[in-house]
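Going down the list, the sequences are from chains L and A.
What the first sequence shows, in the UniProt record's numbering, is residues 1 to 539, in sequence order.
What the second sequence shows, in the UniProt record's numbering, is residues 1 to 319, in sequence order.
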Amino acid sequence: MTTLPDFRPSRWAALTALVTTSVLLTACGSSGDGSGSGSGRAKSGGTLTFAVGSDAGCVDPQQVASNDTIYSVRQIVDSLTDQDPRTGKIVPWLAKSWDISSDTTTFTFHLRSGVTFSDGSKLTAQVVKDNFDAVPRLGALGTLAEGYLSGVKSTTVVDPLTVKVTFKEPNAQFLQATSTHSLGIESSASVRKTPQQKCSDGVTGSGPFVLKQYVQNQSITLAKRGGYAWGSSLWRKQGEAYLDKLVFKVVPEAGVRAGSLQSGQVDAISSVGKANEAALKGGQVTLRRRANPGIVFGLGLNSSRPALKDARVRQAILSAIDRQQIADTVFPTGTKAATSVLAHTTPDYTNLAPDLAFDATKAKSLLDEAGWNTGSDGTRTKNGRKLSLTINWIPNSATNQPALELLQQQLKAVGVAVTLKQLQVTQLAPTLQSGDYDAAWANITRADPDILRSSFSTKLANFYRVPAGSLDAALSAQAATTDPAKREQLVARAQQLIVQSAYYAPVVELQTQLGVSKKVHDLNFDASSRIQLHDTWIG
Amino acid sequence: MRRYVIKRLAQAAGVLWAAYTVSFLVLDYLPGDPVTAMASAGMDSGQVDPEQIAALRHEYGFDKPVLVQYAEYLGRAVRGDFGDSVATGRPVTSTLADALPQTLQLTGAALLLAVVLGGGLAVVATYTSKRWLRQLLLSLPPLGVSVPTFWVGLLLVEAFSFRLHWFPAFGNDGLRGLALPALTLAVPTGAQIAQVLAKSLLTALDQAYVETARAKGAGRWRVHLRHALRNASLPALTVIGLLVGQLIAGSVVVETVFSRDGLGRVTAAAVTAQDIPLVQGVVVFGALIFVTTNLVIDLVYPLLDPRIVVASDRRAGFA
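And the structure:
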């Protein structure tokens with residue numbers, strides 16, 4: 001998933017960095033308690049204040065798609081399953097077990113008993129059905145949740161604690177989808193509200209925290225749910241959460257977030273960019289990072305374009321990109337150069353680093369072979385036409401423009417002229433749909449390899465105009481298998497085909513970077529690189 | 001006098017209508033609409049069904065011809081109904097009404113600070129007989145006008161919040177939370193007041209009536225404040241009318257830097273989300289505040305200088 005559009009001019013960030021680094025270097029050491037607080041024993045109580053950069057204007061987990069707001073609303077709802085961030089394995093949460101039909105069209109969940117929502121109502125199979133029946137009605141307002149349930153035939157109540165979801169076609173991704181915040185289970189009363197009401201008033205969930213107050217563009221306040229006793233099987237603490245209260249403050253200016261954390265006005269902050277790292281180093285702060293699973297930042301190449309129809313041209317583009325240089329220059333410290341079309345935190349990721357090595361000589365010879373010869377101005381030409389590429393991009397992340405400008409220079413070095421075209425966020429999808437473009441800068445966060453099928457199957461949107469072929473077979477087969485080993489093989493095959501045929505030019509992995517005060521413990525990333533605050537404590 | 005007031009009211013209504021119409025046309029001309037904005041989280045929107053988008057668009061009336069939309073919206077807007085925000089579903093008027101008090105606090109405090117600091121600077125700079133001090137003071141306003149507001153805000157927050165811990169860096173809490181944002185917003189405003197007031201004070205001090213007053217034995221301070229300042233304040237008052245518009249515009253930046261709730265933040269969010277009803281509400285509302293302030297100032301002129309109404313009526317005769 002992409003973050004919300006960042007509309008501030010980039011010179012803000014630069015100036016803020018300048019100001020904060022110069023002043024903050026001399027400004028630490030005023031907080032009373034020493035740095036040697038150590039780990040100690042976990043204790044209950046306290047308030048965690050978390051500064052995020054934006055407000056999605058909505059506090060319904062089923063509708064929210066922006067990380068800054070997912071951090072808070074995720075804590076309100078539980079999901080049927082959870083996903084182990086280390087192994088990618090799906091484990092019990094509200095469902096204590098499940099059965100999947102051999103053709104992966106039918107999923108039967110056996111619910112835990114004794115779970116209640118914060119309005120007192122009980123979790124039953126009917127409530128789950130109500131949720132899954134309502135999600136498609138969110139339509140364009142809840143694209144993530146709706147996408148996970150697309151192709152659903154029916155949800156039926158087998159008995160009060162057993163619910164069966166049937167799809168028209170094999171749909172292996174659905175199991176992982178039930179672990180996401182988007183398919184978090186809300187009470188029947190919440191489900192009956194209109195999407196707009198759910199957005200502004202919030203929802204009732206069964207999660208470890210309850211929504212207390214939402215002030216738009218200002219703050220989201222959550223309180224501990226008393227009597228909570230049905231946490232995910234991954235959590236270390238049984239029962240209620242440690243923290244009494246969570247306050248998420250919206251602080252749009254990155255420099256102010258960093259300074260507020262450094263000066264102890266908040267306990268944690270989201271979206272720490274490269275510019276603010278220096279300011280946060282060495283104080284009472286640790287930087288927490290994890291690569292987002294899913295499709296890495298890269299160029300989706302439109303394979304139906306005359307020049308890009310030739311696989312050699314696409315492969316040359318892949319070889320001409322110095323990924324490490326882009327990761328080191330533009331992105332936060334620790335960002336990894338892409339080693340596949342999937343990030344290394346995605347289940348069934350395969351390391352294809354040799355295929356993605358930077359090799360300008362190889363790029364040049366591939367272009368020579370394809371008949372594109374170097375012209376007088378350094379740009380290659382063939383039959384009088386220049387080898388030029390327009391890259392469409394949207395300003396949804398501050399790193400996009402500098403990354404693309406560097407990429408532009410790298411491609412220029414092998415004779416490919418690149419024009420960067422900035423689109424409004426709203427224009428991107430229609431542009432991709434129309435097919436009238438050369439390349440687009442993209443990334444998608446999803447902790448299931450089926451995201452490859454959404455992006456590259458010729459049977460779905462097929463934004464990149466991938467020709468039908470053996471890739472389709474691999475993508476369809478992985479969606480239809482319940483055998484983990486077999487699925488891994490098929491997903492590996494799909495990654496190889498995408499990278500070797502160069503339908504997508506992977507560049508760098510998106511990394512989530514949080515700044516966290518040293519007095520905050522066990523603030524952990526979940527499998528989607530968002531956060532889980534049940535186990536978090538302050539000491 | 002009544003004719004003058006009616007005429008000014010009619011002008012005010014004209015300005016409001018123009019603001020509404022221009023913003024409608026600009027928003028209509030922009031590519032995309034709030035529904036696609038809402039439905040697209042960038043690349044993830046691949047799976048959105050065009051039919052669902054069409055249904056949403058129908059629900060909000062964006063599928064109607066532009067002129068029909070314009071007429072409908074205008075008809076409702078005249079009755080004070082700007083519809084519901086597309087992004088949040090809340091009525092535009094109540095969104096604005098909720099944000100208004102915070103912004104009024106901020107701009108009110110900033111204006112007060114600006115008048116006191118800017119006015120004070122102008123009076124002292126023109127009163128002092130020390131040449132170097134006058135030069136120094138008079139060089140401050142151009143500086144204040146030219147430094148970017150967000151930079152001033154970041155410097156202040158760095159010094160007084162992160163280092164000295166005197167004020168919070170963000171939020172709307174009480175007077176302490178108001179101090180830094182109001183000061184930030186007061187810098188460019190106060191600087192402009194100082195520039196105009198100092199210039200007109202210097203002009204006024206050269207006038208014959210000042211000489212007369214001095215000749216009659218009035219003290220220097222009394223001449224400066226009672227005689228010169230009163231006459232010199234008219235241009236400054238005109239400038240304040242214009243500055244109110246700047247203050248509201250400046251609140252977009254200041255409220256973002258200091259994470260304050262208010263009209264500025266609402267505006268920034270509405271523009272980003274292409275929330276057409278909300279943006280229109282903001283534009284008309286901003287125009288309303290601007291027009292009202294200037295109307296009030298126009299009506300105050302005659303109290304300061306009785307010649308003004310006569311002049312206006314004479315001008316009206318030519319129009």
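Where is the CB? At the ideal position from N, CA and C, for every residue including glycine.
These numbers were taken from a predicted model, which means no experiment stands behind them.
Using a Cβ-Cβ cut-off of 8 Å, state whether residue i counts as contacting chain L.
i: residue 8 of chain A; result: no
i: residue 182 of chain A; result: no
i: residue 259 of chain A; result: yes
i: residue 278 of chain A; result: no
i: residue 161 of chain A; result: yes
i: residue 265 of chain A; result: yes
i: residue 90 of chain A; result: yes
i: residue 169 of chain A; result: yes
i: residue 165 of chain A; result: yes
i: residue 225 of chain A; result: no
According to DSSP, simplified to helix, strand and coil, what is residue i?
i: residue 623 of chain L; result: In the structure as shown, chain L starts at 1 and stops at 539, and residue 623 of chain L therefore has no counterpart that could be examined.
i: residue 352 of chain L; result: coil
i: residue 333 of chain L; result: coil
i: residue 454 of chain L; result: helix
i: residue 118 of chain L; result: coil
i: residue 91 of chain A; result: strand
i: residue 64 of chain A; result: coil
i: residue 211 of chain L; result: strand
i: residue 307 of chain L; result: coil
i: residue 317 of chain L; result: helix
i: residue 521 of chain L; result: strand
i: residue 228 of chain L; result: coil
Does the beta carbon of residue i come closer than 8 Å to any beta carbon on chain A?
i: residue 196 of chain L; result: yes
i: residue 217 of chain L; result: yes
i: residue 226 of chain L; result: no
i: residue 259 of chain L; result: yes
i: residue 252 of chain L; result: yes
i: residue 534 of chain L; result: no
i: residue 520 of chain L; result: no
i: residue 165 of chain L; result: no
i: residue 476 of chain L; result: no
i: residue 514 of chain L; result: no
i: residue 200 of chain L; result: yes
Under a Cβ-count criterion, where at least 16 other Cβ atoms within 10 Å of its own Cβ denotes burial, should residue i be classed as buried or exposed?
i: residue 78 of chain A; result: exposed
i: residue 472 of chain L; result: buried
i: residue 221 of chain A; result: exposed
i: residue 29 of chain A; result: exposed
i: residue 73 of chain L; result: buried
i: residue 136 of chain A; result: exposed
i: residue 6 of chain A; result: exposed
i: residue 161 of chain L; result: buried
i: residue 213 of chain L; result: exposed
i: residue 393 of chain L; result: buried
i: residue 353 of chain L; result: exposed
Apart from the five residues just before and just after residue i, which ones in its own chain have a Cβ nearer than 6 Å to its Cβ?
i: residue 267 of chain L; result: 48, 49, 517, 520
i: residue 109 of chain A; result: 178, 182
i: residue 169 of chain A; result: 157, 161
i: residue 211 of chain A; result: none
Which residues in the same chain as residue i place their Cβ atom closer than 7 Å to its Cβ, once the five residues preceding and following it in sequence are excluded?
i: residue 327 of chain L; result: 335, 336, 337, 508
i: residue 70 of chain L; result: 64, 181, 530
Taking 8 Å as the limit between beta carbons, can you name the residues of its chain near residue i, skipping five residues before and five after?
i: residue 103 of chain L; result: 170, 480
i: residue 140 of chain A; result: 121, 191, 194
i: residue 61 of chain A; result: 69, 72
i: residue 96 of chain L; result: 110, 111, 112
### Task
Note down, one range per segment and in chain order, each alpha helix (DSSP H) of at least 4 residues found wholly within the stretch 230–282 of chain L.
254–262, 274–280
### Query
Unbroken beta strand (DSSP E) runs of length 3 or more, entirely within the stretch 47–89 of chain L: which are they?
47–52, 81–83
### Task
Any chance you could list the alpha helix (DSSP H) runs of at least 4 consecutive residues sitting entirely within the stretch 132–168 of chain L, in chain order?
At a cut-off of 4 residues, the continuous stretches assigned as alpha helix (DSSP H) that sit fully inside the stretch 132–168 of chain L are 143–148.
### Message
Restricting to runs no shorter than 4 residues, where is the alpha helix (DSSP H) found entirely within the stretch 408–472 of chain L?
### Response
425–434, 451–456
### Message
List, from N- to C-terminal side, the alpha helix (DSSP H) runs of 4 residues or more that fit wholly inside the stretch 148–175 of chain A.
### Response
149–157
### Task
Ignoring anything shorter than 3 residues or poking outside the stretch 358–396 of chain L, list the beta strand (DSSP E) runs there in chain order.
Within the stretch 358–396 of chain L, the complete beta strand (DSSP E) runs of at least 3 residues are 380–382, 388–393.
### Message
Runs of 4 residues minimum, wholly inside the stretch 223–270 of chain A: which ones carry the alpha helix (DSSP H) assignment?
### Response
230–257
### Runs of beta strand (DSSP E) lying entirely within the stretch 176–222 of chain A, each at least 3 residues, in chain order
none
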